[in-house]
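Protein sequences, first through last, are from chains A and B.
Residue 77 in this note's numbering sits at position 77 of the first sequence, and the numbers go up by one each step.
Adding 1000 to a residue's 1-based position in the second sequence gives its number in this note's numbering.
Contents: one structure, followed by commentary.
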Amino acid sequence: GAVVSQHPSWVICKSGTSVKIECRSLDFQATTMFWYRQFPKQSLMLMATSNEGSKATYEQGVEKDKFLINHASLTLSTLTVTSAHPEDSSFYICSAPAPAGGNYGYTFGSGTRLTVV
Amino acid sequence: KQEVTQIPAALSVPEGENLVLNCSFTDSAIYNLQWFRQDPGKGLTSLLLIQSSQREQTSGRLNASLDKSSGRSTLYIAASQPGDSATYLCAVTGANNLFFGTGTRLTVIP
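What follows is the structure in structure tokens.
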């Protein structure tokens, strides 16, 4: 149980276009979803926290107008990279707190490899 | 702010060896600590979760310990196999978030 499905697993897009990444909690409700970014050979860095029905909270240095986060339902959070540039090429991964009463901790999506050309 | 450090950054061992990965954190006020495995270009796989009230957790050939007072955790891998080659990340949970270590890249040589 406690599976987060993330799509797409990889995407290549042209500079200036937008890319949407989806994360769905398949068998539980995720009121909170965390979005991370990972550059090669570096650890995961938190970008933002999305909360169902309210505005996302962005970490310092993350442009909210560039990385649009929507958490429209208890099972779906999306990250849209707008006007993508090559420096946005990275590995993006979402995470949700695992349901209480079962495994505590966090469960992660499988990640999205974004390449902007 | 919580800082999580993992040593060593990279480790190469011959198959069959037992090994220890280290994780340290600066703020002992944690809810739990989690060890993950990440294969290249893949997402994270949770290996072990230790609650703040626990001292260790075991799963198969893996054993993780937690010493909150000293801000340390170790991941022990017994009888390493080439399939264990991956990056291992530890993460501590605060009130609202995970704080990740920088990872240890493990290579098990056949």
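Note that CB positions come from ideal geometry on N, CA and C, so glycine has one too.
Remember, predicted model here, so these are calculated numbers, not experimental data.
Under the three-state reduction of DSSP, A:Glu87 is assigned to helix.
The straight-line gap separating the alpha-carbon atoms of A:Lys14 and B:Ser1073 is approximately 43 Å. At a cut-off of 8 Å between beta-carbon atoms, A:Phe108 makes contact with chain B. According to DSSP, residue pairing for B:Glu1056 in a beta bridge involves B:Ser1065. Around B:Ala1009, the same chain offers no residue with a beta carbon nearer than 6 Å, after the five sequence neighbours per side are excluded. Assignment of B:Pro1014 by DSSP, reduced to helix, strand and coil, places it in the strand class.
Residue environment analysis places A:Ala72 among the exposed positions, since fewer than 16 neighbouring C-beta atoms fall within 10 angstroms of its C-beta. Going by beta carbons, B:Gln1054 and B:Asp1027 fall outside the 8 Å limit.
A direct Cα-to-Cα measurement between B:Asn1063 and A:Glu59 gives close to 33 Å. Judged by DSSP in its simplified three-state form, B:Pro1082 adopts helix. B:Ser1065 and B:Phe1036 have their C-alpha atoms some 14 Å from each other. Counting only Cβ-Cβ distances below 9 Å, B:Gln1057 has no contacts in chain A at all, with the closest Cβ about 11 Å away. Listed along chain A, the residues sitting closer than 8 Å to B:Gly1043 by beta-carbon distance are Gln6, Ile93, Phe108, Gly109, Ser110 and Gly111.
Residues of the segment 18-44 of chain A with a Cβ closer than 9 Å to any Cβ of chain B, in chain order: Thr32, Phe34, Tyr36, Gln38, Lys41, Gln42, Ser43 and Leu44. For A:Ala2, there is no enclosing beta strand (DSSP E), as DSSP gives it neither H nor E. B:Leu1106 and A:Met33 have their C-alpha atoms spaced approximately 29 Å apart.
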